[in-house]
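Undergrad:
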Amino acid sequence: MNQEQLAHVLRAAAKIAGDPRILVIGSQAVLGTFDDQDLPLEATRSVEADIVFLDDPDASKADEVDGAIGEESEFHRTYGYYGQGVTLSTAVLPEGWQDRVVRFPREDAAPSRASCLEIYDIAAAKLVAGREKDFEYVKALVVAHLLDVDVLRQRCELIPAPAGVRTRVLKWIDRVRT
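Residue numbering for the sequence shown follows full-length UniProt numbering, starting at 1 and increasing by one per position.
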């Protein structure tokens, strides 16, 4: 996915839900910080944008988005990418993430007023999720010098997860460092 495609998803999602306040929490949140041309393939290969509505206590807006522009929708079949409505509980985020979100930089995302997780918070959430594709995503960002391993380690120490999960994540970071 590139920034233009994410802007398209955000526009559509805001119109569908009638709510412009969106947070991008999945891997494509990186497009709030970096232009797709500056990112390794592993960081942009996903065709889905995980989006959260900041005012969606019953997840009804997320459900509306899934039905209209989610996976296997007409939108997905037409454009080859899609928006997945999710809730904040989908990701385990480091403490203080709310203070670090970044505004999605493209004006053509209007009427959405979207924000994206900051890159270190994305990486921490990916490492907690622990899927092979998540490790590849974070490693590619480290190799491309878009993530500082020391900052990533500090951020992962803020993860509100069981000690075993945090230990697994920190050991992975230490292996990548060497």
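Every residue, glycine too, gets a C-beta built ideally from N, C-alpha and C.
#1: Terminal residues of the continuous alpha helix (DSSP H) containing Asp-63?
#2: Might you give, ordered along the chain, the residues of its own chain that have their beta carbon closer than 6 Å to the beta carbon of Arg-103, omitting 5 neighbours on each side?
#3: Let's see if you can read the secondary structure: which residues bound the beta strand (DSSP E) around Tyr-82?
#4: Are the CB atoms of Gly-96 and Leu-170 nearer to each other than 8 Å?
#5: Under 7 Å Cβ to Cβ from Ala-17, same chain only, skipping five residues before and after it: list those, please.
#6: Determine, using beta carbons only, whether Val-9 and Ile-122 come nearer to each other than 8 Å.
#7: Over the uninterrupted beta strand (DSSP E) stretch that includes Ala-49, give me the two end residues.
#8: Once DSSP output is grouped into helix, strand and coil, what is the label at Val-92?
TA: According to the structure data:
#1: 60 to 69
#2: Ser-115
#3: 82 to 85
#4: no
#5: Phe-53, Lys-61, Glu-64, Val-65
#6: no
#7: 48 to 53
#8: coil
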